[in-house]
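The structure under discussion appears below in the form of structure tokens.
Protein chains: 2
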Amino acid sequence: MDEDQVTEAETAEDETDDDYALRGSVIQDILEAVHDGDQPRLIALMEPLHAADIADVLEQIGHDERVALVKLYGREFDGDILSEIDEGIRDEIIAALSPEVLSDAVRELDSDDVVDLIEDLDEPQQEAILDALPEADRVAVEQALSYPEYSAGRLMQRELVMGPEHWTVGDAIDYLRRAEDLPDQFYHMILVNPRLEPVAYCTLGRILSSPRDIALKDITEDSFRVFDVSEEEEQVAYAFNQYHLISAPVVDAAGRLVGVITIDDAVRVLDEEHEEDILRLAGVGESNMSDTAFETMWRRLPWLLVNMFTAILAAVVISQFSVTIANIVALAVLMPIVASMGGNAGTQALTVAVRALATRDLTSANAWRVVRREALVGFLNGLAFASVVGTLSWLWFGWPELGLVIALAMVINLFIAGLAGVIVPLTLDRMGLDPALASGTFVTTVTDVVGFFAFLGLATLVLM
Amino acid sequence: MDEDQVTEAETAEDETDDDYALRGSVIQDILEAVHDGDQPRLIALMEPLHAADIADVLEQIGHDERVALVKLYGREFDGDILSEIDEGIRDEIIAALSPEVLSDAVRELDSDDVVDLIEDLDEPQQEAILDALPEADRVAVEQALSYPEYSAGRLMQRELVMGPEHWTVGDAIDYLRRAEDLPDQFYHMILVNPRLEPVAYCTLGRILSSPRDIALKDITEDSFRVFDVSEEEEQVAYAFNQYHLISAPVVDAAGRLVGVITIDDAVRVLDEEHEEDILRLAGVGESNMSDTAFETMWRRLPWLLVNMFTAILAAVVISQFSVTIANIVALAVLMPIVASMGGNAGTQALTVAVRALATRDLTSANAWRVVRREALVGFLNGLAFASVVGTLSWLWFGWPELGLVIALAMVINLFIAGLAGVIVPLTLDRMGLDPALASGTFVTTVTDVVGFFAFLGLATLVLM
């Protein structure tokens, strides 16, 4: 996307009155209605909004307004809103709902949505919700909660559509017409053998477009993939994305069909993974726009603390060259350039590597090629910027040797930056750690230390 | 996800022989077969792989191996592989395919996949592919290419399933059973009025589970949303994600149904947007693992150049205080700590803001609240780290006033970092620019300049 297009697009966004962007004026109107305690107006304003938009409204307003809105909205509050709400304010919202509203709201949800809703709540709130569910649903939810967090078992819904493998299209249609309690959304009929193991699936499109006497097993899809309940949700989401899946059966340890994962679950996980990567690269653990300043401060503090130690390490390196700096103050002026360029080049290489590891474009098959490439790129960009910065420094301070020293230091630092930028995340990944989590600090520590050491060390040798 | 779980998950990933992760050993075997010119072995090795995995193999091997593989694979090469292949090497692959193989390959694809395939190719390659298509398909593709890049018109497929609004379930089933050339995947039947305007849709699940005499208009879905051909693809993807859509009709300027967008298209756009955000935050325009070192160097160079100018600006600030530094070398030792902590705090605030703008969690409704929060967080973290770093500096150099100066400078810089971290992306967004694109450089320039100026300025006032 070039910049012109970005500009056009964003301008269009502001101008169009499209029906799927929540406008600020709507939120203002809603807040006014809440402030006036005008329930009919509030309900009228909320009526055209999708549950996801109502959740956004709740996330974007203040705590007191949130509670007032929920109370005024009363019985209109439904389960979909609850499952769209950000984790950060879910407990507040649940606490603000009357027991009857809460109980009606959760009864509407599929089992996977209830699981997603309650898994991070405190014990008493969990109990309140579980108690509101009919016996069968409660058992289903409790069983889902028995699977490890972030597993396919937590992600799947138990509501599914299956039939014996010998059925025909006609059997399937007759079954579906008789069936009560079908899932809200389903995209395949899963075929199972007598041991309840899923063996194939048919798309609803193929079933609908085939004559009644066709056997289902003759119109199955190649895309069929089965997941184990214990599978990591991240792996499931990767497979959905890679193979363009819409839904997939989940089996227990014995291979029996116990649930189904649908594309919306996978998209949610992909989105969360992405958020995690982008925030972790910046040293932020988690973040909700509804967090208070104190919550936010505590979430930012750990990586600032790590950064403080690495900054002190860099200061210790510099202090080794105090005598040199006292003699040549120009070094103090120029040294941040060496460190900053190295940090930037390292961050570029690092971000590319972290992203490529996440999308599995960087694997053992091409790791060595990519390492060599990044080292070469660092070296080449080092040469390019060294010549510019070296010349400028020479002209600035009228001292050719100073230009030579900073140029050499920059080539060294950008070369090391490229290497560290790819080797650090690769190593963390190989060690089973998230490469996004600690790479940034490692890499900028390396480029700071190498940058200051190379520049001041060379200066001490050449200029003193 | 806490760290233990990450470790478990990643370890499991390395150990499991799951059927949806491409293993390095497979790539090695494939390369051997290519090297030996062993076509039957190559075909046998590729047979179990999904087109997306074959595309990954091609992306991860070197240029010469890639060409050799494509040539040896010969007629087995199909259209799905072509549409899974990364843009960066698409032209290489197409050039390596024989005209007959290429022509067979593109004939299998849906119109949106052909559009996606050829929109970035050179004129002669575009021509070659268009010529291979049957007349009707070629017209469809050429029409799609007449819509602006990154629009719904480019994203949609023309193959769709529609019926008149007065149809019953039985009419729909009879039509589908007779229909030839149904799309590979479809999830809804779109109902149109006599002017061919889409008015509603039914899920296939509802059609299948309803008796034949039920009117389709009585079983339509609330989720129905219509997009205009000129809509930005990013907006479409946002709506798919926000409202959990599976497919949606696209209309031309006259409101007539011209195509349909499905969830896989939207997921691809979301993925591209993610990649763009994360890479732009690091100052990398685009990146493919298959890029050469020279391509990569040119893609990294622009932001390094910008960073060079901002680093020189910081150096100019420092140079104003040469006399002070010459007198107190400790300042040169400590000053990177002030800048580094500010840069880090600014990047944290910035990344959170950029992400929240992308997910529309940060809007005009809560912008002011978030700005105040970030300023407060910066100030509080400033106080916390100022006291630690101030005390350490005092002890290190045995000079209480020096500790006081660095503490003050840090409070100022982290406060400014928090403010800049959120105000810069908000302003860029308001101006219609991508907040991810330039924010990082702006913010670190601010924190460098403010950090050096505050620290060295205060030192000059207090310590000299």
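Chains as they are written, first to last, in this note's numbering: chain A, 32 to 495; chain B, 32 to 495. Glycine residues also receive a C-beta, built at the ideal position from the N, C-alpha and C atoms.
| Query | Result |
| --- | --- |
| Cβ of A/A485 within 8 angstroms of any chain B Cβ | no |
| Collapsed DSSP secondary structure at B/P71 in the structure displayed | helix |
| Whole runs of the alpha helix (DSSP H) within the stretch 162 to 231 of chain B, excluding any shorter than 4 residues | 166 to 176, 183 to 186, 200 to 209 |
| DSSP three-state assignment for B/S278, whether helix, strand or coil | strand |
| Endpoints, the beta strand (DSSP E) within which B/V289 is located | 288 to 293 |
| Against chain A: residues of the stretch 264 to 275 of chain B by CB proximity under 8 angstroms | E265, Q266, Y269, A270, N272, Q273, Y274, H275 |
| Residues that A/H81 contacts on chain B, provided the C-beta gap is smaller than 7 angstroms | Y274 |
| Best match in B/H305, B/E265, B/V315 for proximity to B/I292 [C-alpha to C-alpha] | B/E265 |
| CB contact check: B/Y16 to chain A, cutoff 8 angstroms | Residue 16 of chain B lies beyond the residue range present for chain B, which begins at 32 and ends at 495; the question has no answer from this structure. |
| CB contact below 8 angstroms: B/S395 versus chain A | yes |
| Touch test, the stretch 439 to 453 of chain A against the stretch 397 to 412 of chain A, Cβ-Cβ under 8 angstroms, three pairs minimum | yes |
| Sufficient close CB pairs (3 or more, under 8 angstroms) joining the stretch 294 to 301 of chain B to the stretch 267 to 280 of chain B | yes |
| At least 3 beta-carbon pairs within less than 8 angstroms: the stretch 364 to 384 of chain B vs the stretch 72 to 79 of chain A | no |
| Per-residue DSSP class, three states only, for A/A284 | coil |
| Per-residue contacts from B/S318 into chain A (C-beta, under 7 angstroms) | V383 |
| Selection from A/D69, A/D67, A/G68, A/R54 that minimises the alpha carbon distance to A/I85 | A/R54 |
| Members of the stretch 299 to 318 of chain A that neighbour chain B once the beta carbon cut-off is set at 8 angstroms | L301, D302, H305, E306, E307, D308, I309, L310, L312, A313, G314, V315, S318 |
| Partners in chain B for A/V419, counting only beta-carbon separations shorter than 8 angstroms | M339 |
| Limits of the unbroken alpha helix (DSSP H) element including B/L439 | 431 to 461 |
| Beta-carbon proximity list for A/G290, same chain, < 7 angstroms, skipping 5 on both sides | M187, Q188, R189, L191, V281 |
| Within chain B, partners of A/V408 - CB distance below 7 angstroms | A324, T327, M328, R331 |
| The stretch 395 to 403 of chain B touching the stretch 89 to 109 of chain A, judged by at least three CB pairs closer than 8 angstroms | yes |
| Where A/V354 falls, given that 16 or more other Cβ within 10 Å makes a residue buried | exposed |
| Option nearest A/R311 by Cα separation, candidates A/E115, A/P333, A/L433 | A/P333 |
| Chain-order list of residues whose beta-carbon lies under 8 angstroms from that of A/S182 (same chain, five-residue window excluded) | V260, S261, E262, E263, E264 |
| Test item: CB-CB of B/V364 and A/I368 under 8 angstroms | no |
| Residues that DSSP places opposite B/A246 in a beta bridge | B/T199 |
| Residues that A/N375 contacts on chain B, provided the C-beta gap is smaller than 8 angstroms | G314, W334, L335, N338 |
| Residue closest to A/A99, alpha-carbon to alpha-carbon, out of A/V137, A/A64, A/A175 | A/A64 |
| Within 8 angstroms, strictly: CB atoms of A/A440 and A/G482 | yes |
| Closest residue to B/R97 among B/V315, B/E123, B/A342 (Cα-Cα distance) | B/E123 |
| Contact with chain A by B/L235, beta-carbon distance below 8 angstroms | yes |
| One or two residues paired with A/E317 in a DSSP bridge | Answer by DSSP bridge pairing: none, since A/E317 is not bridged. |
| Cutoff 8 angstroms: A/E63 Cβ touching any chain B Cβ | no |
| A/G488: first and last residue of the uninterrupted alpha helix (DSSP H) it sits in | 466 to 494 |
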